[in-house]
Amino acid sequence: MTHSSDDTGLLLFAHGARDPQWARPFQAVADRCRAVRGDDRVALAFLQFMTPDLVAGGKALVAEGCTAVEVVPLFLGAGGHVRKDIPVLMARLQADHPQVRFTLRQAIGEADAVVAAMAEVALAGNAVQVPVR
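With this note's numbering as the guide, the letters of the sequence shown map in order to residues -17 to 115.
Here you go:
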């Protein structure tokens, strides 16, 4: 995707959790994407427990004037949610907004750069240690 002032939105899609603190890293990803793009055509949506959901997130980007939306699953792998749930939601988005092109990208955890970054952090000798409760 180009980072220009075109009409393409970026819809980041995470699992969701009951604990609102869980979403902090995903909010940080969305904030960084907005800063790099220099616009607000970035939305963060969730599969469950949190709002907005994928359909509402896509609708918000369409309301911002997006004529294309790239959906990026913020999942470590392409498990059942990515293979089964997301295509159903994408079909609903497409049906609700036939004038918009919705594209599903690979799960973020399958990108070589993400795998390399996780390995680097796992191997780092100065990694932050969290006390077990």
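Note that the Cβ used here is the ideal one computed from N, Cα and C, for glycine as well.
On a CA-only basis, which of the options is nearest residue i? Give me that one, please.
| i | options | result |
| --- | --- | --- |
| Asp21 | Ala77, Val112 and Leu(-8) | Leu(-8) |
| Asp172 | Gly62, Ala98 and Val24 | Absent from the structure is residue 172, since the part of the chain shown begins at -17 and ends at 115. |
| His9 | Val18, Leu(-6) and Arg19 | Reading off the sequence shown, one finds Gln at residue 9, where the question assumed His. Considering only alpha carbons, the answer is Leu(-6). |
| Cys15 | Leu36, Arg74, Thr(-10) and Pro2 | Thr(-10) |
With a CB to CB cut of under 8 Å and the five nearest residues on each side skipped, what residues in its chain are close to residue i?
| i | result |
| --- | --- |
| Ile90 | Val54, Pro55, Leu56, Phe57, Leu58 and Val96 |
On the DSSP letters alone, give me the boundaries of the alpha helix (DSSP H) that residue i sits inside.
| i | result |
| --- | --- |
| Arg87 | Here Arg87 belongs to no alpha helix (DSSP H), and DSSP marks it neither H nor E. |
| Ala(-4) | First-last for Ala(-4): Thr(-10) to Ala(-4), but that is the beta strand (DSSP E), not the alpha helix (DSSP H). |
| Glu102 | Asp94 to Leu105 |
With a 10 Å radius around its C-beta and 16 neighbouring C-beta atoms as the bar for buried, classify residue i as buried or exposed.
| i | result |
| --- | --- |
| Ala77 | exposed |
| Met100 | exposed |
| Val51 | buried |
| Thr33 | exposed |
| Phe31 | exposed |
Skipping 5 residues on each side, what residues in its chain have a beta carbon closer than 7 Å to that of residue i?
| i | result |
| --- | --- |
| Val44 | His79 and Val82 |
Near residue i, which residues of its chain fall below 6 Å by C-beta distance, leaving aside the five closest residues on each side in sequence?
| i | result |
| --- | --- |
| Phe28 | Ala(-4) and Gly(-2) |
I'd like the span of the beta strand (DSSP E) that includes residue i, first residue to last.
| i | result |
| --- | --- |
| Val51 | Ala50 to Pro55 |
Kindly provide the ranges of any beta strand (DSSP E) runs that are 3 or more residues long and lie completely inside the stretch 3 to 44, ordered along the chain. Within the stretch 3 to 44, complete beta strand (DSSP E) segments of at least 3 residues are found at 24 to 28, given in chain order.
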